[in-house]
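Single-structure report; data block below.
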Amino acid sequence: MNKNEVTESQNTKSFSDKFVRFFDRYTPNALVFAFILSIIVAVLALIFTKSPLFLDTAEGQLSVMNAWVKGFWNLLTFAMQMSLIMITGNIIAISPPVQKLIRKLALIPNNWFQAYAMILVIAWILSFIHWGIGMMVCIALLRNTLTAAKEKGYPIHAPALIACAYCTAIPAVGISQAAPLYGATPGYLLSLCISDASKAYVANSYPLSSSVLTWWNLLQCVVLFAVVFVVGYLVMPKNKLKMEGGSEELFADVKHTETMYETKPDRSTFAQWINHSRLLSYIIGIFGAIWCIKLYAAQGFNGLTINNFNFTMLMLGFLLCGTPERFSQAAVASVSAVWGVIIQFPLYAGIFGIIAYTGLSDVIANAFMAISTTHTFPWVAYIYSAILNMAVPSGGSKFVIECPYLMDVAARLNVDVPKLLVAYTYGDQTTNIIQPFWALPYLAMCHIDFKKLLPYTMFVCIGALVVCSIFFLTIY
């Protein structure tokens with residue numbers, strides 16, 4: 001390595017180290033974010049509205065406290081829906097048939113490029129269908145492919161491979177994303193509208209065929225995937241001496257995981273027999289699958305709401321796990337990931353209450369009106385979403401508290417709501433890849449530090465920012 005290469009490597013390492021160190025030192029957990037955001041919004045309501053802190057006014061203006069409590073339980077249904085999206089995705093990804101298929105796929109590549117192309121394409125397609133399945137299958141495929149690469153003896157650079165696979169979330173703005181699914185669920189967006197203008201403007205529902213399944217979004221997904229693929233290929237080390245394979249901890253963990261379903265179940269009692277029988281799971285799963293087939297045959301993707309999506313994934317989980325015992329084990333392994341949704345969503349609903357019932361929504365909407373036009377507002381919402389996502393990395397709950405003023409601006413400027421939902425979602429996805437929050441499953445299960453991924457994800461993030469801006473300012 002020459003002097004220039006050493007200097008460049010040191011600069012890159014210094015930047016990534018500082019970036020990661022900043023997040024390590026100053027980024028609290030997600031619950032603290034919800035606390036801080038609650039306080040900030042309450043203070044803003046006190047400053048910019050006529051709402052007092054504790055007591056309602058004689059004119060009927062709600063206090064900040066009462067507005068907070070009034071909204072606190074508004075999102076219980078949605079919290080359950082989002083929990084099921086996360087749980088069912090993980091259940092399907094770790095089911096025995098899927099894990100068996102992943103191990104077979106991992107043995108196909110014979111060089112790093114074949115492995116790179118296979119993982120990125122599979123992760124992208126699955127994430128478009130269900131971001132939870134895409135993430136978990138991608139992680140399992142990464143783990144098994146890196147292990148197979150070691151066994152076959154071909155070199156592969158694990159940090160770049162994992163980083164680029166993680167980046168496939170950007171071009172996967174598909175049918176399981178929160179904001180478009182809210183729009184597709186009858187009455188949901190309307191329930192979040194506060195102003196008379198937005199209530200009159202926003203439709204009862206916007207089917208996915210008008211948002212994520214339109215030609216312009218599908219084209220944007222393809223172009224963004226090409227950006228991820230090409231940028232990843234260009235930054236991938238080609239010199240075998242510079243390639244860093246998976247860690248020994250990863251290889252040992254993969255071998256241990258392979259034995260999870262090898263133990264024969266105990267069927268010595270009736271209870272154990274029925275627990276491990278496929279009969280009931282197949283009866284329920286097939287019965288539900290028939291309903292899903294009838295629904296989508298009659299309505300296509302227009303029938304895909306949050307509830308119908310979760311029902312479909314739940315039935316698929318029953319069929320893939322095979323037995324009630326395996327499904328229960330997979331569910332237990334998946335539930336730990338959703339505690340944040342269950343606990344934090346009441347807090348975000350409280351924030352929604354402050355914004356909606358104190359008049360703060362009008363203040364924020366007026367600020368957006370001052371810097372936006374009908375043509376530019378989707379792009380403004382994209383940039384706003386991308387920036388705020390760095391502090392509050394939770395697209396679903398974040399959108400709920402922002403929906404009142406976003407829909408108000410859309411109504412005033414006559415902005416196409418489905419395009420706004422898609423633009424907002426891309427903002428989240430763009431900066432997710434340079435923020436450690438959503439990378440945690442990759443880091444833990446692939447046994448790697450975030451600072452090793454960041455130099456690669458930064459390049460992709462910049463490319464995605466440019467491409468998305470072009471789309472929102474020209475095609476949208």
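Residues 1 to 476 (the UniProt record's numbering) are what the sequence shown spells out, left to right. We put the CB at the ideal spot given by N, CA and C, even for glycine. Please read these numbers as outputs of a predicted model, since none were measured by experiment.
Handout entry: Which listed residue (V415, N308, F472, I284) has its alpha carbon closest to that of I175
Key = Taking only the C-alpha atoms, the option nearest I175 is N308.
Handout entry: For C193, the three-state DSSP class (helix, strand or coil)
Key = In this structure, C193 counts as coil in the three-state DSSP scheme.
Problem - Collapsed DSSP secondary structure at K255 in the structure displayed - result: In the three-state reduction of the DSSP assignment, K255 falls in the helix class, which pools H, G and I.
Exercise for the section: Would you mind reading off the limits of the alpha helix (DSSP H) that contains F301? Expected result: Counting along the chain, no alpha helix (DSSP H) covers F301, and no H or E run does either.
Exercise for the section: Please determine if the stretch 112–121 and the stretch 193–212 are in contact, where contact requires at least 3 C-beta pairs separated by less than 8 Å. Expected result: Not touching, per the Cβ criterion.
Exercise for the section: Kindly indicate which three-state DSSP category I470 falls into: helix, strand or coil? Expected result: Helix at I470.
Problem - Element boundaries [alpha helix (DSSP H), containing T430] - result: Element bounds for T430: 417–432.
Exercise for the section: Can you grab the Cα-Cα spacing for the pair P186 / V41, in whole Å? Expected result: P186 and V41 have their C-alpha atoms roughly 29 Å apart.
Handout entry: Cβ separation of S198 and D449, assumed to be a contact under 8 Å, to the nearest whole Å
Key = The pair is not a contact, with the Cβ atoms about 44 Å apart (cut-off 8 Å).
Practice task
Grab the span of the alpha helix (DSSP H) containing R143 for me, first residue to last.
Solution key: Note, R143: alpha helix (DSSP H), 131–152.
Practice task
Identify which residue in L142, L413, I91, V173 has its Cα closest to the Cα of L421.
Solution key: Nearest option by C-alpha distance: V173.
Exercise for the section: Mind reading off the beta-carbon distance from G232 to A123? Whole number of angstroms is fine, and I expect it under 8 Å. Expected result: Between the beta-carbon of G232 and that of A123 there is about 12 Å, and that puts the pair past the 8 Å contact cut.
Exercise for the section: Classify T12 as buried or exposed, calling it buried when 16 or more other Cβ atoms lie within 10 Å of its own Cβ. Expected result: For T12, the predicted model reports a pLDDT of 47, less than 50, meaning its position is unreliable; a value from the coordinates is still stated below. Exposed, because fewer than 16 other Cβ atoms sit within 10 Å of the Cβ of T12.
Handout entry: Best match in N144, Y154, Q177 for proximity to I162 [C-alpha to C-alpha]
Key = For the residues N144, Y154, Q177, the minimum Cα distance to I162 belongs to N144.
Practice task
Can you say whether R25 is buried or exposed, counting buried as having 16 or more other CB atoms within 10 angstroms of its CB?
Solution key: It is exposed - the Cβ of R25 has fewer than 16 other Cβ atoms within 10 Å.
Exercise for the section: Report yes if the CB atom of P171 is closer than 8 Å to the CB atom of L234, and no otherwise. Expected result: No; because the gap between Cβ atoms is not below 8 Å, this pair is not in contact.
Practice task
Starting from the C-beta of F229, find all residues in its chain whose C-beta is less than 7 Å away, skip the five residues before and the five after it, and write them out in chain order.
Solution key: Around F229: L120.
Practice task
Work out the CA separation of Y382 and E325 for me, nearest whole Å.
Solution key: Taking the straight line joining both Cα atoms gives about 44 Å.
Practice task
With a 10 Å radius around its C-beta and 16 neighbouring C-beta atoms as the bar for buried, classify L219 as buried or exposed.
Solution key: Result: exposed.
Handout entry: From L46, L84, V341, W379, residue whose alpha carbon lies closest to that of W68
Key = Minimum Cα-Cα distance from W68 among the listed residues L46, L84, V341, W379 corresponds to L46.
Exercise for the section: Use the C-beta contact count for C468: other C-beta atoms within 10 angstroms, 16 or more gives buried, fewer gives exposed. Expected result: Burial call: buried.
Problem - Candidates F399, I102, Q435, A330, of which the one nearest L142 by Cα - result: Per the Cα distances, I102.
Problem - Through-space distance from L319 to T90, alpha-carbon basis - result: Residue identity differs from the one stated: residue 90 is Asn in this sequence, not Thr. Taken atom to atom, the span from the alpha-carbon of N90 to that of L319 is near 14 Å.
Practice task
Compare the C-beta of I139 against all C-beta atoms of chain C and say whether one is closer than 8 Å.
Solution key: The displayed structure is made up of one protein chain only, and chain C is not part of it.
Practice task
Find the nearest neighbour of L413 within the set F22, T77, Q81, V202, judged by alpha-carbon distance.
Solution key: Considering only alpha carbons, the answer is V202.
Practice task
For G60, count neighbouring Cβ atoms within 10 angstroms of its own Cβ and tell me buried if that reaches 16, exposed if not.
Solution key: Classification of G60: exposed, given that the 10 Å Cβ count is below 16.
Problem - DSSP state of M369 mapped onto helix, strand, coil - result: Per DSSP, reduced to three states, the secondary structure at M369 is helical.
Practice task
From the DSSP output, in three-state form, read off E248 for me.
Solution key: DSSP, reduced to helix, strand and coil, places E248 within a helical segment of the structure shown.
Problem - Residue burial classification, A252 (beta-carbon count within 10 angstroms, cutoff 16) - result: Exposed.
Problem - Exposure of I194, with buried meaning 16 or more beta-carbon neighbours within 10 Å - result: Buried, because 16 or more other Cβ atoms sit within 10 Å of the Cβ of I194.
Exercise for the section: My understanding is that S397 touches Q344, with C-beta atoms under 8 Å, so please give their C-beta distance in whole angstroms. Expected result: Sure, about 7 Å apart at Cβ, within 8 Å.
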